[in-house]
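**Student:** Residues in the sequence shown are numbered consecutively from 13, following my numbering. Positions of the beta carbon are idealized from the N, C-alpha and C atoms, including for glycine.
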Amino acid sequence: MAELTGRAEPAPPPWSYAVRDLVVRFAPQLLLVVLVVALLLVEPSTLRPGNIVNVLVAAAPIATLALGAMWVFIGGGLDLSAGYGVAMCALVLGANLQGGTPLGVAVGQAVLAGMLLGLTNGVLVGVVGMPAFIATLATMVCVQGVTLVLGGVGTVIIDNAVLTLIGTGELGGVPTPILYALGVAVLVWVLLRSSAFGLRTYALGSNREAAVTRGVPAVRQDVLVYVFSGLMTAVTAILLVARVQIVDPKIAGLNLLLDAFAAAILGGTSLFGGRGSVFGTVTGALIISLITTSLVTLGVGAQNVQLLKGAMIVVAVVVDALVRALERQQPASVEA
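(1) Tell whether a beta-carbon distance below 7 Å holds between methionine 152 and leucine 92.
(2) Identify whether glutamate 55 lies in helix, strand or coil by the three-state DSSP scheme.
(3) Which residues does DSSP pair with valine 259 in a beta bridge?
(4) The alpha helix (DSSP H) that contains leucine 92, what's its start and end?
(5) Cβ of leucine 103 within 7 Å of Cβ of leucine 162?
(6) Let me check understanding here. Comparing Cα to Cα, which of Ile299, Ala71, Asp332 lies closest to alanine 193?
(7) Helix, strand or coil: how does DSSP classify glycine 185 here?
(8) Find out if the Cβ-Cβ distance for the pair glycine 279, proline 40 is shorter than 7 Å.
(9) Going by the CB atoms, is the gap between glycine 116 and glycine 217 shorter than 7 Å?
(10) Less than 7 Å separating the beta-carbons of valine 247 and valine 196?
(11) If you reduce the DSSP assignment to three classes, tell me which class leucine 334 lands in.
(12) Cutting at 7 Å between CB atoms, please list the residues of its own chain near leucine 177, excluding the five before and the five after it.
(13) Between leucine 105 and alanine 94, which are expected to be in contact by the criterion C-beta below 8 Å, what is the C-beta distance as a whole number of angstroms?
(14) Looking only at its chain, what residues have a beta carbon closer than 7 Å to the beta carbon of methionine 142, apart from the 5 residues adjacent to it on each side?
(15) Return the Cβ separation of alanine 328 and isoleucine 300 in integer angstroms, given the expectation that the two are a contact with Cβ distance under 8 Å.
(16) For leucine 90, which of Met100, Ala99, Leu79 has the nearest alpha-carbon?
(17) Helix, strand or coil for alanine 197? Go by DSSP, reduced to three states.
(18) How about glycine 288 and isoleucine 86: do their beta carbons lie closer than 7 Å?
(19) Assuming cysteine 101 contacts alanine 125 under a Cβ cut-off of 8 Å, what Cβ separation, rounded to an integer in Å, is found between them?
(20) In its own chain, which residues sit with a C-beta less than 7 Å from the C-beta of isoleucine 258, not counting the 5 before and 5 after it?
(21) Would a C-beta distance cut-off of 7 Å place leucine 239 and glycine 134 closer than the cut-off?
(22) Whole angstroms are fine: how far does the CA of threonine 159 sit from the CA of proline 261?
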């Protein structure tokens, strides 16, 4: 009897960790498949070819902004200013084009505006040492004010052949917004996986103290992470302006920011830092776009759609916390 009571619980077999890791890694793709199957059972017409194209096109700006959010999350940060940052960059682009500025210069001004916003956030967080939530909340409010000032001239109609091609054209039968987002995703993937900047971002988010001990310049890295997020706000603004062909302060804001956050989190990016992938984030953007487009087609109110997306974010964060707890229990000898 004593022998029984003193017997230790058997350790789970190593393959169980491998299966768990595989499920976690491809959870976004599994969720997307489940959603598609559910829609096929409930209302197959929502997945007609035309609707699928609409889902992909609508996912493009969500994906580009979500890639910036993903990068900040991986580094252990948070950028609340990105949504209104998109609106600000769009207004800068529109104002320049309205004033007769060449497209290349106007795009450069928009990119500069986004990167300056990111630099401000980076300095506040990395150099001054402000908590990311407080710093980016403050800049979000400031940028919202800037958009109202810039938008005081009224709605700007964009008439530019190149932007029209980017926003509404096709190449080889594929809508150019999809190709635009895919191109951005490939570039971000290469940068994240093959550059010192990307590897240092993972290192700081995984274990900041260990990364600093190994020589990672934490302050400079923090600044660069937020500058990159600012760059992605400009990239998103260019796509949005090209798609809608008009510019006003309402072109982007909290709704786009929340969609981007949801895409990154549902795509497997950890809010605690150190984990995230381009493939997962793009899949998350497809999930958000599919949910929004399909539910609206089915007649579900916008408020209920937002409620569902919020609930999905909460579930994803809880799952992320549970996964991290399980990872801490995993034996060191088992390969992740």
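**Tutor:** To lay it out plainly:
(1) Against the sequence shown, residue 152 aligns to sequence position 140. Against the sequence shown, residue 92 aligns to sequence position 80. In contact: methionine 152 and leucine 92 (Cβ atoms closer than 7 Å).
(2) Counting from 1 along the sequence shown, the entry for residue 55 is found at position 43. DSSP, reduced to helix, strand and coil, places glutamate 55 outside both helices and strands of the structure shown, so it counts as coil.
(3) Taking the sequence shown and counting its residues from 1, the one referred to as residue 259 is at position 247. Under DSSP, the beta-bridge partners assigned to valine 259 are Val168.
(4) Translated into positions along the sequence shown, residue 92 becomes position 80. Premise fails: leucine 92 is in no alpha helix (DSSP H) and is neither H nor E.
(5) Here the question's residue 103 lines up with position 91 in the sequence shown. Here the question's residue 162 lines up with position 150 in the sequence shown. Yes, these two residues count as a Cβ contact at 7 Å.
(6) What you label residue 193 is simply residue 181 of the sequence shown in a count that begins at 1. Checked all of Ile299, Ala71, Asp332; the closest Cα to alanine 193 is Ala71.
(7) Taking the sequence shown and counting its residues from 1, the one referred to as residue 185 is at position 173. When DSSP states are grouped into helix, strand and coil, glycine 185 belongs to the coil group.
(8) Counting from one through the sequence shown, the residue named residue 279 turns up at place 267. Counting from one through the sequence shown, the residue named residue 40 turns up at place 28. With respect to proline 40, glycine 279 sits close: the two C-beta atoms are nearer than 7 Å.
(9) Along the sequence shown, read from residue 1 onward, the residue named residue 217 stands at position 205. Along the sequence shown, read from residue 1 onward, the residue named residue 116 stands at position 104. No; because the gap between Cβ atoms is not below 7 Å, this pair is not in contact.
(10) For this step, residue 247 is matched to residue 235 along the sequence shown. For this step, residue 196 is matched to residue 184 along the sequence shown. Yes, Cβ-Cβ distance for valine 247 and valine 196 is below 7 Å.
(11) Along the sequence shown, read from residue 1 onward, the residue named residue 334 stands at position 322. Look at leucine 334 here: in three-state DSSP terms it is helix.
(12) Along the sequence shown, one-based indexing puts residue 177 at 165. Here the set comprises Thr188.
(13) Your numbering for residue 105 matches position 93 in the sequence shown. Your numbering for residue 94 matches position 82 in the sequence shown. Not a contact, Cβ separation roughly 16 Å.
(14) Mapped onto the sequence shown, residue 142 falls at position 130. The residues are Leu136.
(15) Residue numbering aside, residue 328 sits at position 316 when the sequence shown is read from its first letter. Residue numbering aside, residue 300 sits at position 288 when the sequence shown is read from its first letter. About 11 Å separates the two Cβ atoms, so there is no contact after all.
(16) For the purposes of this step, residue 90 is identified with residue 78 of the sequence shown, where counting begins at 1. The shortest Cα separation from leucine 90 among Met100, Ala99, Leu79 belongs to Leu79.
(17) Counting from 1 along the sequence shown, the entry for residue 197 is found at position 185. Helix.
(18) For the purposes of this step, residue 288 is taken as the residue at position 276 of the sequence shown. For the purposes of this step, residue 86 is taken as the residue at position 74 of the sequence shown. Against a cut-off of 7 Å, the Cβ pair of isoleucine 86 and glycine 288 comes out as a contact.
(19) For the purposes of this step, residue 101 is taken as residue 89 along the sequence shown, with counting starting at 1. For the purposes of this step, residue 125 is taken as residue 113 along the sequence shown, with counting starting at 1. The distance from the Cβ of cysteine 101 to that of alanine 125 is about 5 Å, consistent with a contact at the 8 Å cut-off.
(20) Along the sequence shown, one-based indexing puts residue 258 at 246. These residues qualify, in order along the chain: Thr167, Val168, Ile169, Ile170.
(21) Within the sequence shown, the letter at position 227 stands for residue 239. Within the sequence shown, the letter at position 122 stands for residue 134. As written in the sequence, residue 239 is valine, which differs from the leucine given in the question. Taking the C-beta atoms as reference points, glycine 134 is found nearer than 7 Å to valine 239.
(22) Within the sequence shown, numbered from 1, the residue matching residue 261 stands at position 249. Within the sequence shown, numbered from 1, the residue matching residue 159 stands at position 147. In this structure, the CA atom of proline 261 is about 6 Å from the CA atom of threonine 159.
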